[in-house]
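Residues in the sequence shown are numbered from 1 upward in steps of one, following our numbering.
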Amino acid sequence: MAGHSKWANIQHRKGRQDKLRSKLFSKLAKEITVAAKMGDPDPEKNPRLRMAVKEAKGQSVPKDVIERAIKKSQGGDAENYDEIRYEGYGPGGVAVIVETMTDNKNRTASTVRSTFSKNGGNLGETGSVGFMFDRKGQITYPYAVGDDDTVMMAAIEAGAEDVESAAGDGDEDEGGHWITCADTDLGSVSQALEETLGESISSKLVWKPQTPTPVDADTLGTLMKLIETLEDDDDVQTVTTNLEASDDVMEAYVAAQS
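Okay, here's the thing in structure tokens:
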């Protein structure tokens with residue numbers, strides 16, 4: 001069971017989420033609408049919708065926004081979205097996976113390709129970097145739910161594969177327990193954990209890098225511009241990389257942004 005790096009989720013820093021809260025709400029609502037349209041509008045009967053609603057609640061999306069998104073899926077005017085995954089390399093040879101949800105494939109492909117090109121990256125074919133990641137289920141709990149040993153034992157008994165924990169250096173928003181399981185076991189593991197630890201912050205499928213790619217401060221600056229530009233695109237749902245930045249590199253990057 002591994003220790004959690006406080007920089008592991010750099011592309012999802014709280015400060016950036018705060019700045020892009022309305023955009024984040026929009027993307028979460030889109031996932032709810034698509035999940036509800038593809039299956040049952042009742043979260044209890046639709047695993048994907050249940051996970052989408054949980055993630056939205058974990059990000060403090062208002063209840064009425066969630067309800068409107070589900071209701072929209074049942075209307076005749078609901079958009080039809082295609083889910084497309086793009087893969088490529090960013091600056092420093094960092095592998096990047098971009099998951100999109102779009103009503104115009106040509107527009108999205110052009111924008112993603114241009115973003116890679118303008119920010120020191122190269123868009124590849126599907127599968128060009130996917131083999132460097134494993135598809136996993138990830139369940140997140142606040143650090144205060146229990147100490148490392150308690151959460152680890154609960155995770156093992158629930159059938160999880162790994163646990164990463166961090167106290168957050170006194171900042172509860174940065175700390176947490178990240179529990180990893182096989183993608184096909186996400187539903188059962190999540191349910192078992194709720195019986196022992198209570199409701200989680202989120203329960204979702206993620207791309208977990210097999211081997212991280214270290215970067216220096218200059219490369220990190222360019223790479224973060226690529227990631228943030230991609231995240232700004234309304235068609236992009238998630239951006240995942242295998243970047244690794246040491247504390248010294250991260251501190252230099254943060255200082256440069258001040």
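Backbone N, C-alpha and C define an ideal beta-carbon position, used for all residues, glycine too.
Bridge partner(s) assigned by DSSP for residue i
| i | result |
| --- | --- |
| R85 | E99 |
| E125 | DSSP lists no partner for E125. |
| L205 | G137 |
| V236 | T100 |
| A182 | K136 |
| P214 | E244 |
Residue i - containing alpha helix (DSSP H), residue span
| i | result |
| --- | --- |
| G58 | P47 to G58 |
| N106 | K105 to K118 |
| Q74 | No alpha helix (DSSP H) holds Q74; DSSP gives it neither H nor E. |
| D42 | Note, D42: premise wrong, no alpha helix (DSSP H); not H, not E. |
| S200 | Careful: S200 lies outside any alpha helix (DSSP H) and carries neither H nor E. |
| A158 | D148 to A158 |
| S269 | The requested residue 269 is not part of the displayed model; the chain covers only 1 to 258. |
Nearest-angstrom Cα separation, counted from residue j out to residue i
| i | j | result |
| --- | --- | --- |
| G90 | C181 | 28 Å |
| T219 | N242 | 14 Å |
| D103 | S190 | 32 Å |
| I139 | D247 | 25 Å |
| V239 | L226 | 10 Å |
| V94 | V129 | 10 Å |
| T108 | D235 | 7 Å |
| G39 | V65 | 19 Å |
| L28 | D149 | 33 Å |
| R21 | D232 | 11 Å |
| L123 | E87 | 6 Å |
| V61 | T33 | 14 Å |
| Q257 | K105 | 34 Å |
| P142 | K30 | 26 Å |
| D183 | S202 | 14 Å |
| T35 | I97 | Correcting the residue type first, residue 35 is Ala in the shown sequence and not Thr. Distance between the alpha carbons of A35 and I97: 21 Å. |
For residue j and residue i, believed in contact at Cβ under 8 Å, the rounded distance
| i | j | result |
| --- | --- | --- |
| P47 | I70 | Actually they are not in contact, since the Cβ atoms of P47 and I70 sit about 15 Å apart, beyond 8 Å. |
| A155 | L193 | 7 Å |
| L205 | G137 | 6 Å |
Outcome for residue i when other beta-carbon atoms lying within 10 angstroms are tallied against a minimum of 16
| i | result |
| --- | --- |
| N80 | exposed |
| F131 | exposed |
| M101 | buried |
| G159 | exposed |
| S165 | buried |
| V53 | buried |
| A245 | buried |
| M51 | buried |
| K210 | Correcting the residue identity first, residue 210 is Gln in this sequence and not Lys. Exposed is the call here. |
| R68 | exposed |
| T126 | exposed |
| M153 | exposed |
| V254 | exposed |
| G75 | exposed |
| G176 | buried |
The beta strand (DSSP E) enclosing residue i, as first and last residue numbers
| i | result |
| --- | --- |
| A166 | D162 to A166 |
| F133 | F133 to Y141 |
| S258 | First-last for S258: undefined, no H or E at that position. |
| G175 | It is not in any beta strand (DSSP E) - G175 carries neither H nor E in the DSSP assignment. |
Any chain B beta carbon closer than 9 Å to residue i
| i | result |
| --- | --- |
| D218 | Absent here is chain B; the protein component of the structure consists of one chain. |
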